[in-house]
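Numbering (our numbering), first residue to last: 1 to 433.
Okay, structure first, notes after.
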Amino acid sequence: MGFNNLINTQKDENLRKVAIVGIYDGYNVTEEDCIRSLDELENLVDTAGGVVIARVMQAKSAPDVRTFIGSGKTEELARICEDNDIDLVVVDDELSPSQIRNLEDQLKVASVIDRSMLILDIFARRAVTNEGRLQVELAQLRYTAPRLVGKNKELSRQGATGGNPIGTRGPGETKLEIERRRIRERITALQREIDDLARVRATMRRARDESRITRVSIVGYTNAGKSTILNLLTGAGILTEDKLFATLDPTTRKFKLPSGTEILLTDTVGFIRRLPHHLISAFRSTLEEAVMADVLMIIIDASDPEYSEHLEVTEKLLLDLGAKDKPTLYVFNKCDLSADTLPHLPSDKKTVYISAKTGEGVDNMIAELENIIRTLKHEYTFVLPPSAASLLSKLYRTGEVLNTEYMPDGSVCVKAVADEATAGQLSQYIKTN
Numbered sequence: 001m002g003f004n005n006l007i008n009t010q011k012d013e014n015l016r017k018v019a020i021v022g023i024y025d026g027y028n029v030t031e032e033d034c035i036r037s038l039d040e041l042e043n044l045v046d047t048a049g050g051v052v053i054a055r056v057m058q059a060k061s062a063p064d065v066r067t068f069i070g071s072g073k074t075e076e077l078a079r080i081c082e083d084n085d086i087d088l089v090v091v092d093d094e095l096s097p098s099q100i101r102n103l104e105d106q107l108k109v110a111s112v113i114d115r116s117m118l119i120l121d122i123f124a125r126r127a128v129t130n131e132g133r134l135q136v137e138l139a140q141l142r143y144t145a146p147r148l149v150g151k152n153k154e155l156s157r158q159g160a161t162g163g164n165p166i167g168t169r170g171p172g173e174t175k176l177e178i179e180r181r182r183i184r185e186r187i188t189a190l191q192r193e194i195d196d197l198a199r200v201r202a203t204m205r206r207a208r209d210e211s212r213i214t215r216v217s218i219v220g221y222t223n224a225g226k227s228t229i230l231n232l233l234t235g236a237g238i239l240t241e242d243k244l245f246a247t248l249d250p251t252t253r254k255f256k257l258p259s260g261t262e263i264l265l266t267d268t269v270g271f272i273r274r275l276p277h278h279l280i281s282a283f284r285s286t287l288e289e290a291v292m293a294d295v296l297m298i299i300i301d302a303s304d305p306e307y308s309e310h311l312e313v314t315e316k317l318l319l320d321l322g323a324k325d326k327p328t329l330y331v332f333n334k335c336d337l338s339a340d341t342l343p344h345l346p347s348d349k350k351t352v353y354i355s356a357k358t359g360e361g362v363d364n365m366i367a368e369l370e371n372i373i374r375t376l377k378h379e380y381t382f383v384l385p386p387s388a389a390s391l392l393s394k395l396y397r398t399g400e401v402l403n404t405e406y407m408p409d410g411s412v413c414v415k416a417v418a419d420e421a422t423a424g425q426l427s428q429y430i431k432t433n
């Protein structure tokens, strides 16, 4: 069973025509689940610069080991591709090398790729910084290396019979082995470069630790509006588009709270269902911005009917990264586009509602963020001698100075709200009675 859906083709004819394919078993994956996942896959295709001409869905208990969708459905898909000049098929799952090869042979299309390959391609297009490009290339090579297969005589002249008969091993196989060796060497070189950059990033983090400026990471599902919020608060000037993965490289900017306390806000790469494992591994040093943060702001698209599933994906990835149990502010964005009834979360989750586009609710979001940050700190009274008077600026920068009193002997008595790390650094100046 299954059905095909030809989509209106009144779109830019210059875009690459694509067919997308998904299966569902009716139990673990329902037909509705499959439709929603294909909706997201279509958005990914659009982000990559293609146009979906046809959808093919099939009810199947398990993927076919040869062609993923079975011989009958493969024949139907081949006719659809031929009738509509489709030269790219994207499967909403992970394919084995043999499945890719068999599908391309039977469909007679230029390329068959899976969901992970498409996401990796988008990341390759979107990466801006040197580190981002290195991370994407590493993820691509790690994913594609096991899928490097020889489809023709130029890359494979291995005989069909067993053993090692004379005349069946030639330059074609040597070329394949050389290519594999080059990939292994390139992976090693890329990992070395990324490790070097990770050490630089770690040094920068240590410097930020010493400054004790509170760090807030803006996280959430892709296209929830994270970059728009950072631009609104800090004027960061990050490119924002209504497309998936508009931002890949993390951007950190200072922001001064109403109390005068400075914090660091970091925009991070968006999450998505079934984010390729190799991509998470390659971007781990970047994603660690969420792990190292003091506070998380999880941005949720209030206008998306699948917001709860997106939040579940976000929280699962944060758990995998070891960043789940941090003080968190849940921010429902795009409330100007949502229905009359706004979504709600359990009462133990601190929630605010905003529109980054109109500015509605942003002041309340900032106030709630400041309240959360204030819970990380305690009130202290410091007596700074003249020789340590310069530390007053540190308290203004990293904490909240409530009162200052200049003493006759030149010392300064400061009542301030500070975190435990800052209080520890200035412990010798804390007034105990």
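All C-beta atoms in this analysis are idealised placements derived from N, C-alpha and C, irrespective of residue type, glycine included.
- The alpha-carbon of Asp-267 is positioned some 22 Å away from that of Arg-374.
- The C-alpha of Pro-385 is placed about 53 Å away from the C-alpha of Ile-272.
- Membership of Phe-123 in the alpha helix (DSSP H) is indicated by the continuous run 115–126.
- Taking all protein chains in view, the Cβ of Gln-428 is surrounded by fewer than 16 other Cβ atoms within 10 Å, so the residue is classified as exposed.
- Its Cα nearest to that of Ala-418, the residue Glu-379 stands out among Thr-404, Thr-358, Gln-425, Glu-379.
- A check of alpha carbon separations from Gln-140 across Ser-71, His-277, Val-56 identifies His-277 as the nearest.
- The stretch 69–81 and the stretch 45–52 do not touch, with fewer than 3 CB-CB distances between them shorter than 8 Å.
- Asp-39 is classed as exposed because its beta carbon has fewer than 16 other beta carbons within 10 Å across all chains shown.
- Judged by their CB atoms, Gly-399 and Thr-432 are not nearer to each other than the 8 Å cut-off.
- Rounded to whole angstroms, the Cβ separation of Ile-372 and Val-295 is 6 Å, and the two are in contact under 8 Å.
- Remark: C-beta atoms of Leu-88 and Val-18 approach each other more closely than 8 Å.
- Within its own chain, the residues whose Cβ lies closer than 7 Å to the Cβ of Leu-233, once the five positions on either side in sequence are excluded, are Phe-255, Leu-265, listed in chain order.
- Collapsing the DSSP output to three states places Ala-145 in a helix.
- The Cβ-Cβ distance between Val-136 and Leu-120 falls below 8 Å.
- Boundaries of the alpha helix (DSSP H) around Arg-374: 362–375.
- Judged by DSSP secondary structure, Leu-395 falls within the alpha helix (DSSP H) whose first and last residues are 391–398.
- Closest by C-alpha distance to Ala-224, out of Thr-129, Leu-426, Leu-337, is Leu-337.
- For the pair of segments examined, the stretch 21–36 was found to touch the stretch 54–64: the number of CB pairs separated by less than 8 Å reaches three.
- Annotation: Arg-142 to Ser-387 spans about 56 Å, alpha carbon to alpha carbon.
- Distances from the CA of Ser-411 to each of Val-383, Gly-322, Ile-20, Leu-426 were compared; the closest alpha carbon is that of Val-383.
- Leu-230 sits buried, since 16 or more C-beta atoms from the chains shown fall within 10 Å of its C-beta.
- Put simply, the backbone Cα of Asn-364 is about 7 Å away from that of Val-352.
- The beta carbon of Asn-403 lies closer than 7 Å to those of Lys-415 in the same chain, with the five residues before and after it left out.
- By the 16-neighbour rule on beta-carbons within 10 angstroms, Tyr-406 is exposed.
- Per the DSSP secondary-structure output, Thr-252 pairs in a beta bridge with Thr-266.
- Per DSSP, the unbroken alpha helix (DSSP H) holding Arg-101 starts and ends at 97–107.
- About 7 Å separates the Cβ atoms of Gly-270 and Gly-220, confirming a contact at the 8 Å cut-off.
- Ser-37 carries a helical assignment under DSSP once its states are collapsed to helix, strand and coil.
- Under the three-state reduction of DSSP, Ser-111 is assigned to strand.
- For Phe-332, DSSP records a beta bridge to Ile-300, Tyr-353.
- Segment contact: the stretch 315–332 against the stretch 190–199, fewer than three CB-CB distances shorter than 8 Å; contact not assigned.
- With contacts defined as CB atoms closer than 8 Å, Ile-263 and Ile-298 fail to qualify as a contacting pair.
- Between Arg-115 and Glu-306 a beta carbon distance of about 17 Å is seen, past the 8 Å cut, so the two are scored as non-contacting.
- Residue range 214–220 is occupied by the beta strand (DSSP E) that includes Thr-214, with no alpha helix (DSSP H) assigned at that position.
- For Ile-100 against Leu-138, the beta-carbon gap comes to about 21 Å, at or over 8 Å, which does not count as contact.
- Cβ atoms of Ile-20 and Leu-41 come within 8 Å of each other, at about 5 Å.
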